[in-house]
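**Q** I'd like to ask some things about the structure below.
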Amino acid sequence: MIKNGIRFLARQLHVQHSLNKSQVKEKLTHLERNNEVLKRSRKEQERQAEKRRVQLKKLNKTSYTKQHARHVLKNRYEVSNESLSSTELGPTSGSDLRFLKLTHDKRMMYTILGVTGEQLRDSKLVAGDVAKFLARNQLEKAVFLARLAKSRGIVGMNKIMEHFCREQQDAKSAIDLYSWRKKWGIPPNELTHTLLFDGLANLPSPLSEKHAQRVLKIATQLIEKDGLNQMGLNAALSALVNSENDELVFKLFDAKPKNVIGDAITYTLLLRGAAKIKDDMLCMTRVDDIMARIPKRFMDARIMYEYCRVWHHRRDSKLSMVAAIAIEKYFGIKASSSELQLPEGVRLPDLQYWDIKQPYRPDSFLIDLLFENYEKNRNFDLASETYKELTATQPKLMRISVYERMIKMVTSGYPTRCAQMAVCVFKDMDAHHKINKNSMLLVYKSFERQAGKKFTNATSANIDELLDQLFEFATSLESKHWKDSKTKILNWKAWMFCWNVINKCNERHGINAVRSKWVLDQFIMTIVTGQTKLQNLERQDYAGMKHVNIESVRFLSSFAEMFKSPAEINEAIDGPERDNFLYRRLLLRLKDRILDQVDLIEGKSDNAQSVEEALRQTAQKLQLTKMPSNLKCESPVKASTQQAQPTV
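In my numbering, the protein residues as written are 64 to 711.
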């Protein structure tokens, strides 16, 4: 036994000696057998080949130099010198995109995209480079990079999909990208479908029927593969709520997996989808079913807000007014004189039905909905009373949109006194918020509406009172002190709205001569300070300046008619008639100078300096010229008189 073991070991040593012989002996053996000198042994050849394979693999992961890339494009792809000279290669270039579509050489792609093969192995680096391409709006390069990275480009492809939704607002491209990525070998991760649904839900325009059906198909496939969790279901429902088909959201909810029971967000989205149903009876049937399904533990203020919002969006005004009653009942906001009654056959469940002991606390969104409901159903008196109570007790709940909506309501509901009421609301808003241009425009519109009413423009006293309020409002917001001026001078942009109000007041020629002279002097001060010179205006302001000039010409024409004489006047004869003639001629001369500036704005004249200087001189002369006193005019209310401020 021991002999046999020794014999086997000796045989193994002999074989190993033969296999592990030195490279020199191998070369000598080869020389003896083949009479040929062997430069490298078999092992040396294997090591050399392996080294070359490693070097080639490493080289294929690097990019060409830009010079070499141009050489390859010219010789291998026959790109002309002219095309190469006008093209810059690199990640920031936008002119080399056509070469990406031309070549399949990865090293060329690396050069154009500014990456290496090693970098493509890091998903974080890929996502960062994709984000840089998207920031430069290089969508094609971003997609190429994500495709090159394969499974390492999952996050990058998600970013591209988000970009289509948020920046491009392109639902079709986002959904197409979700489908194509599977063919490109870039599988979705657990967040991909949620990001897609969320992006589609936040698009400003609703999804078309075709796109909504594709979303439903994607969600249904995920349900079949047991890949849709609670968060994904809510995201899909949110996307379908933002679609033209109001039935798809309920179709998806009915198909949800059994292990997903829904949460408060789910039922909130269902109510939001029900609010879009146009058929009132079908809508209320859906809503009753939803409210009956909601577990008591999920009931909160947000769900109740959506419930009130469903009532608000009903076409029938009686059903729509139920929203205000529901807000009173569930949130405790009620005007002291509110007498709204539920329509016949409508019953609102009590809070005790859901084991809720006291009303929910209102927020600014709810107050906005309440006043939107008042405006929709023209409950102006109730809106006014609720506004006063909330302003006194809970002003922090009043957003700018509520104040603006209130200005619109007083303009529509109280046309003979809306200007003063709108100014009061504006002052309330100014006390709690930073005012904006839109709010000012709404107040100016209220002045214009009141000015067009016969109650206002039939008598000079009412006109004077309204114009005093107008100029007090405009001066407080759109005026400033100029050099050598003791009073504030109105900004030229304010005249875009003031002239509209003034000419509305003057439709029945109710503005007397003294008030007309005062208004004209205010406008002349704006001209004299150089605000109307084109060199002081931006190009986008030309249209506004043209409007100001044309409206001022209308006013001057009406003003000049007051001094028109029935017969021809001899200039050599002194007297009241001659004074009227000269003053009227001066008014018409100013009118002509303003029309010359209109031609200047329209490009019909290019002599800006002489036209504007003539306008300034004529305006100053008219300002210093005393108006003839032989006209019978009522004395205007002084512009500085403080008017009593009404309450809304």
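Even glycine gets a Cβ: it sits at the ideal position worked out from N, Cα and C.
Keep in mind that this is a model prediction, so the values were computed, not measured.
Please say whether Leu315 and Leu303 have beta carbons closer to each other than 7 Å?
**A** Cβ distance < 7 Å, so Leu303 and Leu315 count as in contact.
**Q** Go ahead and pull the three-state DSSP assignment for Ile324.
**A** Reduced to three states, the DSSP call for Ile324 is coil.
**Q** Taking buried to mean at least 16 other C-beta atoms within 10 Å of its own C-beta, is Met344 buried or exposed?
**A** Label assigned to Met344: exposed.
**Q** Spatial neighbours of Lys543 within its chain, please: C-beta separation below 8 Å, excluding the five flanking residues on both sides.
**A** Same-chain partners within the cutoff: Lys551, Ile552 and Asn554.
**Q** What's the gap between the Cα of Arg571 and the Cα of Gln231?
**A** Between Arg571 and Gln231, the C-alpha separation is close to 53 Å.
**Q** Enumerate in chain order the residues of its own chain whose CB-to-CB distance from Ile366 is below 8 Å, with the five nearest sequence positions on each side excluded.
**A** Counting only Cβ-Cβ distances below 8 Å, and skipping sequence neighbours, we find Ala327, Tyr330, Thr331, Leu334 and Ile357.
**Q** Thinking C-beta only, is Val312 closer than 7 Å to Gly295?
**A** Against a cut-off of 7 Å, the Cβ pair of Val312 and Gly295 comes out as no contact.
**Q** Quick check on Ser464: does DSSP put it in helix, strand or coil?
**A** Helix, per DSSP.
**Q** So for Ile390, helix, strand or coil by DSSP?
**A** Helix, per DSSP.
**Q** Which residues bound the alpha helix (DSSP H) around Ile281?
**A** Note, Ile281: alpha helix (DSSP H), Glu272 to Glu287.
**Q** Rounding to the nearest angstrom, what Cα-Cα distance links Gln201 and Pro267 in this structure?
**A** One C-alpha to the other measures close to 23 Å.
**Q** Check whether the segment 464-477 touches the segment 401-414, counting contact only when three or more Cβ pairs, one atom from each stretch, lie closer than 8 Å.
**A** Verdict: no, contact absent.
**Q** Should the segment 616-630 be called in touch with the segment 647-661, which here means at least 3 C-beta pairs below 8 Å?
**A** As far as the Cβ criterion goes, the segment 616-630 touches the segment 647-661, which means the pair count is three or higher.
**Q** Once you ignore the five residues that flank Val350 on each side, which residues in its own chain have a CB closer than 6 Å to its CB?
**A** Ala337 and Val373, listed in sequence order.
**Q** In terms of residue numbering, what span does the alpha helix (DSSP H) encompassing Leu649 cover?
**A** Where Leu649 is concerned, the enclosing alpha helix (DSSP H) stretches over Pro639 to Ile664.
**Q** From Pro269, Phe361 and Ile281, pick the residue whose C-alpha is nearest to that of Lys339; which is it?
**A** Comparing Cα-Cα distances from Lys339 to each of Pro269, Phe361 and Ile281, the minimum goes to Pro269.
**Q** Can you look up Lys543 in the DSSP assignment and give me helix, strand or coil?
**A** Strand, per DSSP.
**Q** Could you spell out the range, first to last residue, of the alpha helix (DSSP H) harbouring Lys235?
**A** Run containing Lys235: Ala234 to Lys246, per the alpha helix (DSSP H) assignment.
**Q** Do Leu183 and Ala212 come within 7 Å of each other at the CB atom, strictly closer than that value?
**A** Yes, they are a contact pair.
**Q** Secondary structure at Ser149, three-state DSSP: helix, strand or coil?
**A** Reduced to three states, the DSSP call for Ser149 is coil.
**Q** Kindly indicate which residue of Asp309, Lys288, Glu287 and Ala282 has the alpha-carbon position closest to the one of Ala299.
**A** Of the listed residues, the one whose Cα sits closest to Ala299 is Ala282.
**Q** Cβ of Ile217 within 7 Å of Cβ of Asn265?
**A** Against a cut-off of 7 Å, the Cβ pair of Asn265 and Ile217 comes out as no contact.
**Q** What's the gap between the Cα of Ala237 and the Cα of Ala190?
**A** Near 17 Å, if we compare the C-alpha coordinates of Ala190 and Ala237.
**Q** Where DSSP assigns a beta bridge to Leu553, which residues make up the other side?
**A** Note: Leu553 sits in a beta bridge opposite Ser542.
**Q** If we count Cβ pairs, one from each stretch, closer than 8 Å, do we get three or more for the segment 483-498 versus the segment 516-523?
**A** Cβ pair count under 8 Å is below three, so no.
**Q** Can you give me the start and stop residues for the alpha helix (DSSP H) that Phe162 sits inside?
**A** Its alpha helix (DSSP H) spans residues Leu160 to Leu165.
**Q** DSSP state of Ser475, grouped into three classes?
**A** Note: Ser475 maps to helix in three-state DSSP.
**Q** Going by DSSP, what residue range makes up the alpha helix (DSSP H) through Lys609?
**A** Counting along the chain, the alpha helix (DSSP H) containing Lys609 begins and ends at Tyr605 to Glu624.
**Q** Leaving out the 5 sequence neighbours to the left and right, which residues in its chain are closer than 8 Å to Phe626 when beta-carbon positions are compared?
**A** Closer than 8 Å at the Cβ level, and outside the excluded window around Phe626, lie Asn643, Phe644, Tyr646, Arg647, Leu650, Pro691 and Leu694.
**Q** Quick one, which of Met608, Gly593 and Arg578 has its alpha-carbon nearest Ala557's?
**A** Ala557 has its Cα closest to that of Met608, out of Met608, Gly593 and Arg578.
**Q** By the three-class DSSP mapping on this structure, what secondary structure does Ser548 have?
**A** The answer is coil: DSSP assigns Ser548 none of H, G, I, E or B.
**Q** According to DSSP, simplified to helix, strand and coil, what is Ser306?
**A** Three-state result, Ser306: strand.
**Q** The alpha helix (DSSP H) spanning Lys314 covers which residue range?
**A** Element bounds for Lys314: Leu311 to Asp317.
**Q** With a threshold of 16 other CB atoms inside 10 Å of the CB of Trp562, please say whether the residue is buried or exposed.
**A** Answer is buried; the Cβ neighbour count reaches 16.
**Q** Please report the straight-line C-alpha distance between Asn297 and Arg229, rounded to a whole angstrom.
**A** So the two alpha carbons sit approximately 19 Å from each other.
**Q** Whole-angstrom Cβ separation of Phe443 and Met484, contact assumed at under 8 Å?
**A** The pair is not a contact, with the Cβ atoms about 11 Å apart (cut-off 8 Å).
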